[in-house]
Amino acid sequence: MKSLTEHLWFEVPERRGFVNITGTVEKLVKKSGVQEGLCLVNAMHITASCFINDNESGLLHDYEVWLEKLAPHEPTAHYHHNRTGEDNADAHLKRTLMGHQVILPITAGKLDLGPWEQVFYAEFDGQRKKRVVIKVMGE
Amino acid sequence: MKSLTEHLWFEVPERRGFVNITGTVEKLVKKSGVQEGLCLVNAMHITASCFINDNESGLLHDYEVWLEKLAPHEPTAHYHHNRTGEDNADAHLKRTLMGHQVILPITAGKLDLGPWEQVFYAEFDGQRKKRVVIKVMGE
Amino acid sequence: MKSLTEHLWFEVPERRGFVNITGTVEKLVKKSGVQEGLCLVNAMHITASCFINDNESGLLHDYEVWLEKLAPHEPTAHYHHNRTGEDNADAHLKRTLMGHQVILPITAGKLDLGPWEQVFYAEFDGQRKKRVVIKVMGE
């Protein structure tokens, strides 16, 4: 069995943002030498997500509007979590809606993705350094 | 290590629908010969889901009503994604709520599921051919 | 390849509740002897979740309020699923929002988690015995 572990760092300059990391994950799968296996992509912070969807700017805009509707930032005093001095309770909820991890199949040494599947890191409480762990496992 | 990869095709005749694929996944696990391992079931299209829940028609109805409430199809012009000529922005959001993949544990050569756990393919933008990838890995 | 399978039992005394199971998962990873691998934590019941987030009581309160808003228990007659004699349709929806499983990376024999990542079992229809399956796989 082969395995590879890498930790990626992100520092998104705004509070919220989407980063397409498909190319980076592809490179790591190649580096691992795994031909048949699985690749875990996991946000290590609890106000960030990793998810798969379309790299289309209109859709990313729609996600932002929709997440703000289902898990609004304001009024911040509405959330008990924010009594700790944070103002990011909504970021925990938004990340829950988007999911925090994906598992990618590796077939014949490559990510076995559909035509429009792209892997994103989503930030909901940015302007600080955060990590994603990538774990490749297989043969 | 053993592994097996299969791509399943679906063509749901309506815009939305649920397909119970538990039996198909069970057959592929048996075919793989894996006794202890993991089985990934992943929708390769970004307007479809794979999820686990109860095979109860009332519940599947409730899911449909609920998804339409949280991520409505109309008004389609409300979504920027639909400016690309699509009308399926809501399908991307619905699939996000339901999740796009599941990992099933394999114990003693069988899916290690609870009494009511069933695996579904959920379509939110059907009437076209779409794929699911199944990846079994273990020993 | 090494693997370990354990089934944990829970009986939450209230209808809803959160149980931090990080320590238990850590012990099982150690017991497995796996140094590099993956650990699946999967709720075997379809009205319960396993998820990762912060162990902060204000946040857990916020989750409860938020889930009740997005997937309300009342009016129970609104849900077709409840015509089966159940009153737990909302629990199926709440569990869908929170997710039903997580995969944890194992690096150098330990869970490779971020500083605030904690693993929870979430109950949405308690006062009965329910199971979680843990599957560790690697080398």
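Here the protein sequences come in this chain order: A, B and C.
Per the working numbering, the first sequence starts with residue 1, numbered consecutively.
Per the working numbering, the second sequence starts with residue 1, numbered consecutively.
Per the working numbering, the third sequence starts with residue 1, numbered consecutively.
Glycine is no exception: its CB is placed at the ideal position from the N, C-alpha and C atoms.
Among the options, the one whose alpha carbon lies nearest that of residue i
i      : options                        : result
G126/C : S49/C, E74/C, G114/C, H61/C    : S49/C
F51/C  : V136/C, T96/C, P72/C           : T96/C
G85/A  : A71/C, D87/C, E68/C, E56/C     : E56/C
S32/B  : R131/B, A71/B, M1/B            : M1/B
E26/C  : D87/C, A91/C, E139/C, P105/C   : P105/C
A91/A  : I103/A, Q101/A, E117/A, A122/A : A122/A
R15/B  : I103/B, E117/B, D87/B, R131/B  : D87/B
L93/A  : T47/A, V133/A, V102/A, W9/A    : T47/A
A71/B  : P13/B, M98/B, H45/B, N53/B     : M98/B
E117/C : A43/A, F18/A, F10/A, L28/A     : A43/A
T76/C  : W66/C, A89/C, V65/C            : A89/C
L113/A : F120/B, V119/B, T107/B, Q101/B : Q101/B
T107/C : V34/C, F124/C, W66/C           : V34/C
L38/A  : K69/C, P115/C, I103/C          : I103/C
N53/C  : F124/C, P115/C, R128/C         : P115/C
Three-way DSSP call (helix, strand, coil) for residue i in this model
i      : result
E64/B  : helix
G23/B  : helix
A122/B : strand
M1/C   : coil
V29/C  : helix
H45/A  : coil
N88/B  : coil
K129/C : coil
N82/C  : helix
L152/A : The structure shown does not extend to residue 152/A, since chain A is modelled only from 1 to 139, so the question has no answer here.
G114/A : coil
G58/B  : helix
Proximity below 8 angstroms, CB of residue i to CB of residue j
i      : j      : result
K110/C : T5/C   : no
L40/C  : T24/C  : no
I21/A  : V133/A : no
M137/C : G17/B  : no
V19/C  : V12/C  : yes
H45/A  : K130/A : yes
S3/A   : E36/C  : yes
Any non-hydrogen atom of the ligand FAD closer than 7 angstroms to residue i Cβ
i      : result
I134/A : Summarising the ligand content, the structure contains no ligands, and the ligand FAD is consequently not present.
ask   = At a cut of 8 angstroms, does the stretch 57-70 of chain A reach the stretch 74-94 of chain B through at least three beta carbon pairs?
value = Three or more Cβ pairs drawn from the stretch 57-70 of chain A and the stretch 74-94 of chain B lie within less than 8 angstroms of each other, which places the two stretches in contact.
key: Residues in the stretch 109-120 of chain B having any Cβ partner in chain C nearer than 9 angstroms   = Result list: D112, L113, G114, P115, W116, E117, Q118.
request  = Check each residue of the stretch 91-106 of chain A: if its Cβ is closer than 9 angstroms to any Cβ of chain B, include it; give the result in chain order.
outcome  = Listed by position, the residues of the stretch 91-106 of chain A near chain B (Cβ gap below 9 angstroms) are L97, M98, G99, V102, I103, L104, P105, I106.
ask   = Listed in chain order, which residues of the stretch 40-69 of chain C have Cβ atoms closer than 8 angstroms to some Cβ of chain A?
value = F51, I52, N53, D54, E56, S57, G58, L59, H61, D62, Y63, W66
task = Return the residues of the stretch 71-85 of chain A that lie within a Cβ-Cβ distance of less than 9 angstroms from chain F, sorted by chain order.
result = Any reference to chain F falls outside this structure, whose protein chains are A, B and C.
query = Which residues, taken in chain order from the stretch 8-24 of chain B, show a beta carbon closer than 8 angstroms to some beta carbon of chain C?
reply = none
query = Taking a cut of 9 angstroms between CB atoms, which residues from the stretch 119-135 of chain A lie near chain C?
reply = K130, R131, V133, I134, K135
ask   = For the stretch 26-40 of chain C, which residues have a beta carbon sitting closer than 8 angstroms to at least one beta carbon of chain A?
value = E36, G37, L38
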